[in-house]
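Peer 1: If you read the protein sequences in the order shown, they are chains A and B. Each position in the first sequence, counted from 1, maps to that position plus 851 in my numbering. Residue numbers are given in my numbering: position 90 of the second sequence equals residue 85, and the series is strictly consecutive. Even glycine gets a Cβ: it sits at the ideal position worked out from N, Cα and C. Given the structure is predicted, the values throughout are model-derived calculations rather than measurements. One structure, pasted below without further comment.
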Amino acid sequence: MKEHIKLYLLFAKQTIRGELVHRASFITGVIGQWISYGTTFITLYFLISNFGDLGGWKAEEVMFLYAFNLLSYAIAACVFFTPCINLPTKIRTGEFDGALIKPVNPFMHEIYNGFNFGYIGHTILSIIVIAITLPQTDYAFNIQNAFMFLIMLISSALIQASLLIAVSSISFITINENPVGDLIFRFKQFVDYPITIYSASIQIILTFVLPLAFLNFYPVTAILRTPSSPYLPDFVPYLTPLMAGLMFFLSIKAWNKGLSKYQSSGS
Amino acid sequence: MKYLTIAGKIFKSQFSYTASTVMRLLVSLLTFFIQINLWSALTATGKSETTIEDMMIFVVINLIITTFTSANIANELEPAIRDGSVANYFIRPVSFKYHCFSENLGKNLYNVLTSALPVLILGFAVFKLPVPNISYFLLFLLSLLLGCLIMLELTYIFGLLAFFTQKTWYISWYLRAFTTLFGGTVVPLWFYPRGLNDFSYYLPFRYISFEPINLYLQKTQLQDVWIIISVSVFWILLLNLIGLCIYKVVEKRITINGG
């Protein structure tokens, strides 16, 4: 394990160096992301403060909800985004076959080569938004709550990662881009807002069928101790770590299952 | 005429991408569904005079305009600039600008018909959406046309920036942020604080879709319409001029390697 981490950090350092060759370009890109996401946050604030609340949530709470999702995604994506998104292309071009003859596990091989430094912008912005909005909520700072925050953030990041991994494993079989995967990522729009704005059936689907509510809604209700979905028992938010472990485990299984079915495209 | 032929060819070529057409339709239906829930939850608070029907009009018209004007010229140019094939644009007997436009026109028209129009029809079927009287409707169409032209000029100007930056992936982020913030495409400007709303009058973005929507909803006084129309025309001319100047600079300083 220690060896793996050491090796990964070495690769990551190289990636960061490569990224910073075009320093001006990189910084303009990060500022672009800040302006773009900053706009989302500001307009969200204007909108909800105009109406008072959204599905029982104050503007600051919704902004926190959105920022939490962005932060956990950024954490997961800097490790898993590039390996997962590039996999279909690598399979189609035959480049992936290279990973099969290396003396490391193919999954780990992809991870090593896929660190993405671009998410530093998302990370900084979402931390700033959390730092501004969290004190505006009823959140009380103490060791217990800080621990809860950390657990929930890690769980959420694991779920984000498992979505990326599960979707990419489909391409072992389709040998191409998969529109189903794109659609799943688009479904994440559902949790841009508290799920209390949807009907009971949609809330249940977002909990058990496509459990996107565990990305931010349940973690945030557990952190802020605000009321969760009125249609589901009160302990559901605390299932988040369990859900995260399960989904991550299943996604790795799906990836390996896909790999075992894999036949090179031959090119 | 030749530009229409290009647009037509691109339009026809889109028919071969069935999977992505279905995908795009599903995505726009999904977005529409989420927007309905969002605005129902908000208008249910009863804190604003805005009705859910007004907001559905807002969502649908924005969807149509963004689909019709969506273009990422910078991203399309990047590989061509890197490998030198951009030279083709300069030697063909077509204007670079209108060539870019007609390519996107063909694609966007297809997307409007296959993914935005169904949402519009659904919107009218599900909700009792308001229809303006004939004079407002004609004025709406006119400002819609001008709004699309403003957006096209803007995407062209931002697209030309590809010649000056090494990478282009972030250029569209800036344009999208400005149109969202100052154009009120996601949250209508009437929910903005006074100062920011006033400031948006000095920029072209609100004339793209927000003013057309105001006309459709008959929120604009008839005697003020000529101001909106003339300001829109002013922006089209100014942006056209800016685009021309940038293009001249590009023509002068471009060096094409390889090929």
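Do the CB positions of T109 of chain B and T26 of chain B come within less than 8 Å of each other?
Peer 2: The residue given as residue 109 of chain B occupies position 114 in the second sequence. The residue given as residue 26 of chain B occupies position 31 in the second sequence. No. Outside cutoff.
Peer 1: Any Cβ of chain A within less than 8 Å of the Cβ of N67 of chain B?
Peer 2: Within the second sequence, residue 67 of chain B is the residue found at index 72, counting from 1. No - not a single Cβ of chain A is within 8 Å of the one on N67 of chain B.
Peer 1: In this structure, does DSSP put L905 of chain A in helix, strand or coil?
Peer 2: What you label residue 905 of chain A is simply residue 54 of the first sequence in a count that begins at 1. Strand.
Peer 1: Where I166 of chain B and R943 of chain A are concerned, what is the direct C-alpha to C-alpha distance, given to the nearest angstrom?
Peer 2: Counting from one through the second sequence, the residue named residue 166 of chain B turns up at place 171. Counting from one through the first sequence, the residue named residue 943 of chain A turns up at place 92. Straight-line Cα distance between these residues: approximately 29 Å.
Peer 1: Among the candidates A:G1032, A:K857 and A:G889, whose CA atom is the shortest distance from the CA of A14 of chain B?
Peer 2: Position 19 of the second sequence holds residue 14 of chain B. Comparing Cα positions, the closest option is A:G1032.
Peer 1: For the segment 1035 to 1051 of chain A against the segment 871 to 887 of chain A, are there 3 or more C-beta pairs whose distance is under 8 Å?
Peer 2: In short, these stretches do not touch, since the Cβ pair count stays below three.
Peer 1: Check the Cβ-Cβ distances between H973 of chain A and every residue of chain B, and say whether any is below 8 Å.
Peer 2: Against the first sequence, residue 973 of chain A aligns to sequence position 122. Chain B contact via Cβ: absent.
Peer 1: For S1019 of chain A, which residues in chain B fall below 9 Å Cβ to Cβ?
Peer 2: Working through the first sequence from its first residue, we reach residue 1019 of chain A at position 168. Per Cβ cutoff of 9 Å: no residues; S1019 of chain A is ~17 Å from chain B at best.
Peer 1: Which of the three DSSP states is assigned to E73 of chain B in this structure?
Peer 2: Translated into the one-based positions of the second sequence, residue 73 of chain B becomes position 78. DSSP places E73 of chain B in helix when its eight states are reduced to three.
Peer 1: Considering only C-alpha positions, which residue in the set A:L1063, A:H873 and A:S1022 is nearest to F1038 of chain A?
Peer 2: For the purposes of this step, residue 1038 of chain A is identified with residue 187 of the first sequence, where counting begins at 1. Of the listed residues, the one whose Cα sits closest to F1038 of chain A is A:L1063.
Peer 1: For K247 of chain B and I237 of chain B, what's the separation of their Cα atoms in angstroms?
Peer 2: The residue you call residue 247 of chain B lines up with position 252 of the second sequence. The residue you call residue 237 of chain B lines up with position 242 of the second sequence. Approximately 16 Å between the Cα atoms of the pair.
Peer 1: Can you find the residues in the same chain that come closer than 8 Å, C-beta to C-beta, to G254 of chain B, ignoring five residues on each side of it along the sequence?
Peer 2: Numbered from 1 along the second sequence, position 259 holds the residue referred to as residue 254 of chain B. Confidence at G254 of chain B is low in this model, with a pLDDT of 47, below 50, so its placement is unreliable and the value that follows should be read with caution. Within the same chain, G254 of chain B has close Cβ partners D78, G79, S80 and A82.
Peer 1: Are any of the Cβ atoms in chain B nearer than 8 Å to that of Q1040 of chain A?
Peer 2: Walking along the first sequence from the start, residue 1040 of chain A turns up at place 189. Yes - at least one Cβ of chain B is within 8 Å of the one on Q1040 of chain A.
Peer 1: So, does the segment 1005 to 1022 of chain A touch the segment 932 to 942 of chain A, judging by three or more C-beta pairs under 8 Å?
Peer 2: Output reads yes: the segment 932 to 942 of chain A touches the segment 1005 to 1022 of chain A.
Peer 1: Please report the straight-line C-alpha distance between L21 of chain B and S97 of chain B, rounded to a whole angstrom.
Peer 2: Taking the first residue of the second sequence as 1, we reach residue 21 of chain B at position 26. Taking the first residue of the second sequence as 1, we reach residue 97 of chain B at position 102. Looking at the two C-alpha atoms, the distance is approximately 26 Å.
Peer 1: Would you verify that the beta carbon of N901 of chain A is, or is not, closer than 8 Å to some beta carbon of chain B?
Peer 2: Translated into the one-based positions of the first sequence, residue 901 of chain A becomes position 50. With 8 Å as the cut-off, N901 of chain A counts as an interface residue toward chain B.
Peer 1: Take every Cβ of the segment 155 to 164 of chain B, pair it with every Cβ of the segment 870 to 880 of chain A, and state whether three or more of those distances are shorter than 8 Å.
Peer 2: As far as the Cβ criterion goes, the segment 155 to 164 of chain B touches the segment 870 to 880 of chain A, which means the pair count is three or higher.
Peer 1: Our contact map puts A1073 of chain A next to T1058 of chain A with C-beta atoms below 8 Å; I'd like the distance itself, whole angstroms only.
Peer 2: Within the first sequence, numbered from 1, the residue matching residue 1073 of chain A stands at position 222. Within the first sequence, numbered from 1, the residue matching residue 1058 of chain A stands at position 207. 14 Å between Cβ atoms; not a contact.
Peer 1: Just verifying my parser: in three-state terms, what is the DSSP assignment at Y859 of chain A?
Peer 2: The residue labelled residue 859 of chain A in the question sits at position 8 within the first sequence. Note: Y859 of chain A maps to helix in three-state DSSP.
Peer 1: Hey, is F897 of chain A's beta-carbon within less than 8 Å of any beta-carbon in chain B?
Peer 2: To locate residue 897 of chain A, count along the first sequence from 1; it is residue 46. Chain B, which has a Cβ nearer than 8 Å to the Cβ of F897 of chain A, makes this yes.
Peer 1: Look at A863 of chain A and F966 of chain A and say whether their C-beta atoms are less than 8 Å apart.
Peer 2: Reading the first sequence from its first residue, position 12 is the one you call residue 863 of chain A. Reading the first sequence from its first residue, position 115 is the one you call residue 966 of chain A. A contact, by the Cβ cut-off of 8 Å.
Peer 1: Look at L1066 of chain A and V1087 of chain A and say whether their C-beta atoms are less than 8 Å apart.
Peer 2: Counting from one through the first sequence, the residue named residue 1066 of chain A turns up at place 215. Counting from one through the first sequence, the residue named residue 1087 of chain A turns up at place 236. Result no, Cβ atoms of L1066 of chain A and V1087 of chain A do not sit closer than 8 Å.
Peer 1: Between the beta-carbon of V226 of chain B and the beta-carbon of Y202 of chain B, is there less than 8 Å?
Peer 2: For the purposes of this step, residue 226 of chain B is taken as residue 231 along the second sequence, with counting starting at 1. For the purposes of this step, residue 202 of chain B is taken as residue 207 along the second sequence, with counting starting at 1. Cβ distance < 8 Å, so V226 of chain B and Y202 of chain B count as in contact.
Peer 1: Please list the terminal residues of the continuous alpha helix (DSSP H) segment that includes G142 of chain B.
Peer 2: One-based indexing of the second sequence puts residue 142 of chain B at position 147. From DSSP, the alpha helix (DSSP H) with G142 of chain B extends over I129 to L155.
Peer 1: Given that a residue counts as buried once 16 or more other Cβ atoms are within 10 Å of its Cβ, and exposed if not, what is I222 of chain B?
Peer 2: Within the second sequence, the letter at position 227 stands for residue 222 of chain B. Exposed is the call here.
Peer 1: Would I867 of chain A pass as an interface residue toward chain B - the criterion being a Cβ-Cβ separation below 8 Å?
Peer 2: Along the first sequence, read from residue 1 onward, the residue named residue 867 of chain A stands at position 16. With 8 Å as the cut-off, I867 of chain A does not count as an interface residue toward chain B.
Peer 1: Any beta carbon of chain A sitting closer than 8 Å to that of A172 of chain B?
Peer 2: In the second sequence, the residue the question calls residue 172 of chain B occupies position 177. Closer than 8 Å to some Cβ of chain A, the Cβ of A172 of chain B qualifies, so yes.
Peer 1: Taking the alpha-carbon positions, what's the N51 of chain B to I31 of chain B distance?
Peer 2: The sequence position of residue 51 of chain B within the second sequence is 56, counting from 1. The sequence position of residue 31 of chain B within the second sequence is 36, counting from 1. Reading off the sequence, residue 51 of chain B comes out as Met, not Asn. Distance between the alpha carbons of M51 of chain B and I31 of chain B: 7 Å.
Peer 1: Looking at the structure shown, is K102 of chain B part of a helix, part of a strand, or coil, going by DSSP?
Peer 2: For this step, residue 102 of chain B is matched to residue 107 along the second sequence. Here K102 of chain B sits in helix by DSSP.
Peer 1: Report yes if the CB atom of K92 of chain B is closer than 8 Å to the CB atom of Y151 of chain B, and no otherwise.
Peer 2: In the second sequence, counting from the first residue as 1, residue 92 of chain B sits at position 97. In the second sequence, counting from the first residue as 1, residue 151 of chain B sits at position 156. Result yes, Cβ atoms of K92 of chain B and Y151 of chain B sit closer than 8 Å.
Peer 1: Just to make sure I have the definition right: I need the residues of chain A whose C-beta is within less than 7 Å of the C-beta of I52 of chain B. Which are they?
Peer 2: Counted from its first residue, the second sequence places residue 52 of chain B at position 57. Those do not exist, as I52 of chain B stays about 17 Å from chain A at its closest Cβ, beyond 7 Å.
Peer 1: Where do the N-terminal and C-terminal ends of the alpha helix (DSSP H) with H973 of chain A fall, by residue?
Peer 2: Indexing the first sequence from 1 puts residue 973 of chain A at position 122. Unbroken alpha helix (DSSP H) run through H973 of chain A: I971 to T984.
Peer 1: Any beta carbon from chain A within less than 8 Å of M146 of chain B's own beta carbon?
Peer 2: Position 151 of the second sequence, counted from the start, is the residue given in the question as residue 146 of chain B. No, because no Cβ of chain A sits closer than 8 Å to the Cβ of M146 of chain B.
Peer 1: Output, in sequence order along the chain, the residues in the segment 861 to 891 of chain A whose CB is closer than 7 Å to any CB in chain B.
Peer 2: Listed in sequence order: H873, S876, T879, G880, G883, Q884, I886, S887 and T890.
Peer 1: On a CA-only basis, which of B:G142, B:E148, B:F200 and B:F122 is nearest Y242 of chain B? Give me that one, please.
Peer 2: Translated into the one-based positions of the second sequence, residue 242 of chain B becomes position 247. Answer by Cα proximity: B:E148.
Peer 1: Any beta carbon from chain A within less than 8 Å of T263 of chain B's own beta carbon?
Peer 2: What the structure shows of chain B is the stretch from -4 to 254, and residue 263 of chain B is not part of that stretch, so it cannot be assessed.
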